[in-house]
Every structure is written in C-alpha cells, then in structure tokens.
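Chains as they are written, first to last, in the numbering used here: chain A, 1 to 310; chain B, 311 to 677. One structure is given below, encoded as structure tokens.
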C-alpha cells in the first residue's frame with residue numbers, strides 16, 4: 001500500500017498535478033488521509049502500548065520482577081496457561097471437524113452450522129458467561145444435580161475452561177473453512193485412489209495443506225483464550241489465588257491501586273499480543289505465497305516432448 | 311475383458327447423470343470417453359475408479375465385480391483434471407506416495423520412482439515441488455504417480471484440458487507413445503472430438519447420461535448411430551427442406567422424397583467432404599458464393615453462401631484446391647455427393663444416400 005501511494009504521488013508530481021486521472025485524489029487530500037490514519041494509530045494504539053511498558057517498569061527491573069513473583073500473580077499466570085492448554089487443543093479438534101464437514105460435504109443445515117460457529121463472535125462475552133451460570137450455577141438447570149455429586153463448575157476451573165472454549169471456538173474453524181474450500185477435495189481423492197486410508201489421507205495430505213491456516217487459527221485462538229475477560233469474569237468468582245486468570249488479576253491489582261503490578265501483568269499480555277501479531281503477519285505472508293505459487297505454472301521448458309522411449 | 315460395465319446408472323438426488331450404460335474395454339486398449347460437458351463421461355470414469363458408486367448395475371475390472379471394492383483396493387491409476395499433486399511434497403514423494411502406502415521396500419520405491427522419472431522424461435526434477443513445475447511437467451508427474459504401483463487400468467479425466475494449445479498436441483502424441491510402451495488399459499475423458507479421434511483406438515460417446523455409440527474413430531465418423539453422434543463427431547451440414555411433389559427442396563437443391571406428403575419437412579445432413587465444388591458455374595446445378603477459405607495446413611475449409619443466405623462448409627485437399635483456381639467472393643457451382651436423412655437427435659440415421667452426378671447436374675436434370 002505504502003509503495004502504491006508513494007509511486008502514484010510521484011507520477012502526479014511529474015505531471016505537475018495537472019493531468020491527474022479522475023479517480024486520483026490530489027496530493028493534499030492524500031497527505032491528509034495518510035496523516036490522519038498515522039496520527040490515529042500512534043495516539044490510540046502505539047502510545048498506550050508504550051505506556052503499558054513504561055508503567056510496568058516505573059520501579060525498574062526489580063520492581064517488575066517482584067510484582068510478577070507475587071504468589072497470587074504467579075497462580076493467575078499458571079491458571080491462564082492451564083486454561084489455554086486445555087481450550088486451544090479442544091478447539092483445534094472442533095475447528096478441524098467443523099471446517100472439514102463444511103468444506104467437503106453438502107448437507108442440510110450447513111448454513112445454520114456456519115451461523116452457529118459465528119455465534120460466539122456475535123454474543124457479548126458477558127452474556128456467554130451468564131449462559132454458563134444459568135446452566136451450571138447453583139440456581140441453574142444442572143446446578144442441583146452437579147452439587148449433589150460435589151462437582152464444581154461455576155466459580156471453579158472447569159467453568160473458566162468452558163467459557164474460554166465457547167468464546168474461542170470460531171477462530172480455528174473460521175480460518176480453516178476458506179483454506180479447505182479453496183483446496184477442494186482433489187488431493188484427498190488422489191490419495192484415496194493411491195490406496196491411502198481416510199486417516200492417512202488426513203494426516204499426509206489434508207493437514208499439511210492447511211497447516212498455515214491452522215497455525216494462524218491456533219495463534220489467534222490462544223491469544224483470545226489468554227486474554228478473555230468478560231465471560232471468564234462472570235464464571236470465575238474472582239477467588240484470589242484460585243480462579244483469577246491474568247486479565248482478572250490485572251483488574252484486581254488495578255483496583256487495589258497497585259498500578260505497577262497491574263501494568264507488569266498487563267505487559268505480559270501485551271507481549272503476547274505483539275508476538276501474536278508478528279506470527280500472524282508471517283503466516284499471512286506464507287499463506288499468500290503458497291497460494292500464488294499454486295496458481296501459476298512455470299512456462300514450458302524447451303524441448304517439451306519428453307523421451308518416453310527408454 | 312479389462313473393464314466391463316453392465317446396466318450401470320448413477321443418480322445424484324433426482325438427477326440421472328448416467329443412464330443404463332453398457333460397454334466393455336479390452337486389455338491394453340486406449341479408449342476415449344467423449345461427449346459434451348454434463349454428458350456423464352466423468353461420472354462413468356469416477357465409477358470405474360471407485361470414487362463414485364453406481365446407483366444400479368455392475369462394474370467389472372479384469373472379470374472381478376468391483377462394486378463393493380473400495381477405491382483404495384481397486385488398484386487403478388487416476389489422473390485428475392487439476393492433476394491434484396500433493397503440493398507439500400516433492401516430485402519424488404508424490405510419485406512414491408502410493409508405494410509407501412502399499413509398504414514397498416525403500417530400495418524398490420527408489421528404483422520404481424526413478425524408472426518412472428526416466429520413462430516420463432522427468433529426470434532431475436525429483437527434488438522439485440509442484441509449484442516449481444510447468445503445466446506439462448505437472449501432468450506427467452500426475453501420470454507417473456498414477457502408474458507407480460502398476461495399476462490394472464489408467465484413468466485420465468480431461469488430461470489435456472488444463473494445458474495450452476501449443477503443448478496439447480505434443481502431449482497427445484506422447485500419450486499414444488506412452489500407451490504403446492506400457493500397454494496398460496487406458497481410459498480418458500475428453501470433450502474434444504478431434505482429440506478423441508486422434509489419440510484413441512475406440513471412442514465411447516455420451517450425451518445426457520446415455521451411451522450414444524461405441525466404435526473406432528472411423529466407425530463413429532463414417533457410420534454414426536444417430537444425429538447427435540454425427541453432429542458431435544466432425545462437422546455436419548444440416549439442411550431443412552420442404553417436400554413438394556416427391557422432391558424435398560431447399561432453393562435450387564433437390565433431393566428425392568417419394569414417400570413424403572407435400573408440405574412436410576425433411577432434414578438432411580452431409581459432411582463437408584461430400585460437397586463437390588467447381589469454379590465453372592454451369593458444371594453443377596446449384597450455385598453459391600465462396601465466402602471464405604480457411605487454410606488448415608494440408609486441408610482447406612471453404613464456406614459457401616447459398617442464395618438463401620445459408621452457409622455450408624466444404625473441405626478439400628490442397629491439391630484439389632489448387633486445381634480449381636478459386637477466389638473468395640467468386641460464384642461457384644456445387645453438388646452434394648452423399649447425404650443422410652436426419653430423424654432427430656437420438657433417432658437412427660438413414661443409410662448414406664449417394665446422389666448420382668447425373669440426377670443433380672445440369673445435364674441430367676434437363677433444364
């Protein structure tokens with residue numbers, strides 16, 4: 001994009017801004033739009049991010065490390081990692097299954113399934129959290145039954161995992177559906193015709209052909225699983241040292257006026273975000289390149305006809 | 311018999327894609343399944359491979375009924391129109407895939423892959439990925455992969471569809487050579503009649519799910535079963551005539567139609583070769599203007615505009631053409647030497663009727 005803007009700006013300057021094409025804006029407008037976008041990005045995105053780190057390190061390295069090594073904070077970090085470690089693999093399996101059946105089969109209710117996959121995106125996380133409370137809370141549908149067997153879901157780790165799985169469900173499936181639709185099922189059929197079983201076909205052919213899309217989905221899914229606040233906040237019960245995840249811990253520390261500690265934990269989440277963005281950009285570039293390569297055959301070499309006589 | 315289909319039908323939902331098809335292919339034959347798109351030819355190919363199951367009927371490969379045998383166990387080689395190469399694998403791994411699945415020993419796989427690379431002219435490309443190959447090379451890798459585990463039949467879906475015209479011709483010649491070398495029973499699907507005529511020993515013609523005719527290229531061209539085949543294989547000029555007094559007329563053109571009532575319609579068809587042209591406007595009874603001459607190498611195609619405005623096609627060799635001394639825009643006379651009476655798309659044709667020169671020349675007609 002930047003390259004385009006630059007080069008067209010140069011051409012219009014060459015033409016003394018007189019013989020512009022109808023669709024081209026004047027250099028002033030162009031400059032104005034670019035500036036607005038840049039200023040907005042810096043003020044609303046870059047500055048807060050820098051501020052997070054500035055605040056986190058306001059008491060130096062030692063203050064930062066002390067804030068993080070607080071036992072309750074450590075427990076929040078561990079819980080977050082545990083929740084992500086459970087919900088991400090689950091969603092990889094669900095996402096693969098959903099994307100597979102949507103991309104490869106035609107069946108009744110397919111549009112409904114696609115809509116349902118998007119449901120977590122369209123529902124407010126708070127509402128999602130409440131749904132689980134209504135289902136599994138003490139006053140909920142399954143509450144008494146669960147309570148009589150001493151199974152705790154709400155205000156415990158299982159509830160947090162459930163809420164996180166729900167919220168992060170669309171990421172893997174959403175990334176895989178277009179990739180799988182674009183590849184079609186020719187390669188799988190080829191593998192079958194060569195004698196491969198369904199499982200081997202999936203392992204050797206399907207999975208490698210969607211690996212970048214899958215990884216992309218996993219990264220996004222993971223980022224959201226670790227960063228989810230609303231739904232988790234409802235079902236966790238905020239028990240310090242037990243059911244606080246990192247985002248909940250940040251809020252609690254902030255409300256206790258412990259800004260440095262709050263920003264220290266926040267800085268970890270910010271680092272995760274930066275890491276995710278980096279990986280995402282790399283994977284997008286990778287996917288695009290693979291796609292372009294697949295589209296274009298090289299020109300035929302000369303001579304074309306192979307010698308088929310040994 | 312290498313392949314046999316008995317009363318095979320395939321329905322997709324309520325749509326009949328293949329309707330009660332019977333044919334068989336001998337060991338080592340090279341057979342084309344020809345027809346317009348939607349004719350059912352690809353479905354037939356996929357049913358033979360096992361990628362599609364017939365709704366009715368039986369399929370036999372080398373005498374064994376394979377209806378209940380899965381695609382994995384049929385030991386067929388299938389080449390997809392899109393080639394469907396595994397894009398995450400090198401050429402070597404693509405070709406070795408089926409052998410690895412069948413648990414060949416590593417050394418045997420290595421030897422077999424290199425044998426195929428040599429056979430298909432792909433030496434030195436074994437470490438490349440599909441995206442590093444040209445269209446023609448991709449196709450040859452796809453064929454090598456299909457041939458690797460020595461299938462009993464090789465099935466190709468539109469093998470020349472995805473390559474440009476220039477190399478299509480070379481690939482045709484090459485497929486014939488390959489088939490001669492390997493002698494594996496080969497079926498390929500095409501919608502290009504010229505391709506089918508040039509490459510195959512026999513042609514199976516489909517239209518709207520029905521098998522219209524099976525025969526050698528010469529048979530289907532010279533003895534078409536019905537109007538569909540006649541029109542699909544080669545060029546057919548069609549005239550609609552009105553019967554009057556035992557003669558079917560189209561302008562100056564007249565054909566005997568003794569048993570037909572006055573005012574009824576009759577349609578006739580004739581090949582471009584049946585049109586004989588003379589630059590002498592009085593040599594034959596019918597006149598036309600030579601609109602265009604197309605030079606097609608050894609053959610020429612001529613388009614004649616009849617006084618009614620209808621354009622008919624003629625073909626002649628370069629020698630005939632140079633003997634005639636013709637110019638575009640010039641008035642010529644012509645006769646139709648052989649023709650058939652058409653009775654509608656799926657109906658059988660009349661036998662070929664030879665019109666004696668006398669009946670249609672100015673001398674014989676006695677004007």
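Even for Gly, the Cβ is constructed at its ideal location relative to N, Cα and C. Bear in mind the structure is a predicted one, so any value in this text is a computation, not a measurement.
Going by the CB atoms, is the gap between residue 393/B and residue 475/B shorter than 8 angstroms? no
What are the residues that DSSP puts in a beta bridge with residue 77/A? Bridge partners of residue 77/A: none, in fact.
From 42/A, 227/A and 209/A, residue whose alpha carbon lies closest to that of residue 165/A: 227/A
Contacts around residue 445/B, its chain only, beta-carbon distance under 8 angstroms, and the 5 residues preceding and following it disregarded: 472, 473, 474 and 477
Taking all protein chains shown into account, do 16 or more other C-beta atoms lie within 10 angstroms of the C-beta of residue 80/A, making it buried, or fewer, making it exposed? buried
If the cut is a Cβ gap below 7 angstroms, which residues of chain B does residue 187/A touch? 394 and 396
How far does the alpha helix (DSSP H) with residue 297/A in it reach, from first residue to last? From DSSP, residue 297/A is part of no alpha helix (DSSP H); its letter is neither H nor E.
Could you tell me how far apart the beta carbons of residue 591/B and residue 642/B are, in whole angstroms, since I believe they sit closer than 8 angstroms? 7 angstroms
Just how far apart, CA to CA, sit residue 441/B and residue 388/B? 21 angstroms
Would you check if the segment 594-611 of chain B and the segment 622-632 of chain B touch, i.e. whether three or more CB-CB distances between them fall below 8 angstroms? yes
Buried or exposed: residue 115/A, going by 16 or more other Cβ atoms within 10 Å of its Cβ? exposed
Along the segment 494-527 of chain B, what residues have a CB closer than 8 angstroms to any CB found in chain A? none
Candidates 285/A, 266/A, 235/A and 250/A: closest to residue 126/A by CA position: 235/A
How many angstroms separate the CA atom of residue 176/A from the CA atom of residue 443/B? 27 angstroms
Measure from the alpha carbon of residue 635/B to the alpha carbon of each residue in 517/B, 584/B and 589/B, then state which is nearest. 589/B
Residues of the segment 184-210 of chain A whose Cβ lies closer than 8 angstroms to any Cβ of chain B, in chain order: 184, 186, 187, 189, 190, 191, 192, 193, 194, 195, 196, 197, 200, 204, 205, 208 and 209
Please classify residue 633/B: is it buried, with 16 or more other beta-carbons within 10 angstroms of its beta-carbon, or exposed? exposed
Return the chain-ordered list of same chain residues with a C-beta closer than 6 angstroms to the C-beta of residue 401/B, the five sequence neighbours on each side being excluded. 435, 436, 438 and 451
Through-space distance from residue 99/A to residue 233/A, alpha-carbon basis: 30 angstroms
Please state whether the Cβ-Cβ distance between residue 341/B and residue 512/B is less than 8 angstroms. yes
Between the CA atoms of residue 312/B and residue 494/B - distance to the nearest angstrom: 10 angstroms
Could you tell me the alpha carbon to alpha carbon distance between residue 518/B and residue 496/B, rounded to whole angstroms? 23 angstroms
Partner residues on chain A for residue 471/B, Cβ-Cβ distance less than 8 angstroms: None at all; the shortest Cβ gap to chain A is about 13 angstroms.
Where do the N-terminal and C-terminal ends of the beta strand (DSSP E) with residue 329/B fall, by residue? 325-335
Comparing C-alpha positions only, which one of 386/B, 431/B, 460/B and 427/B sits nearest to residue 414/B? 460/B
Helix, strand or coil: which one does DSSP assign to residue 500/B? strand
Give the secondary structure of residue 86/A by DSSP, where H, G and I count as helix, E and B as strand, and everything else as coil. helix
For the segment 288-301 of chain A, enumerate the residues whose C-beta is nearer than 7 angstroms to any C-beta of chain B, in chain order. 293, 294, 297, 298, 299, 300 and 301
Cβ-based neighbour list, residue 230/A, same chain, cut-off 6 angstroms, excluding 5 preceding and 5 following: 125 and 126
Apply the 10 Å Cβ neighbour rule to residue 93/A and answer buried if 16 or more other Cβ atoms are within range, or exposed otherwise. exposed
Any beta carbon of chain A sitting closer than 8 angstroms to that of residue 402/B? no
Just list the beta strand (DSSP E) runs in the segment 200-241 of chain A, keeping only unbroken ones of 3 residues or longer that don't cross its boundaries, in chain order. none
Using a 10 Å radius around the Cβ and a threshold of 16 neighbouring Cβ atoms, would you call residue 212/A buried or exposed? buried
Sequence-distant residues of its chain with Cβ nearer than 7 angstroms to residue 320/B (five each side left out): 327, 328, 353, 357, 362, 364 and 365
Taking 8 angstroms as the CB-CB limit, is residue 658/B close to chain A? no
Assign residue 85/A to one of two classes, buried (16 or more other C-beta atoms within 10 Å of its C-beta) or exposed (fewer than that). exposed
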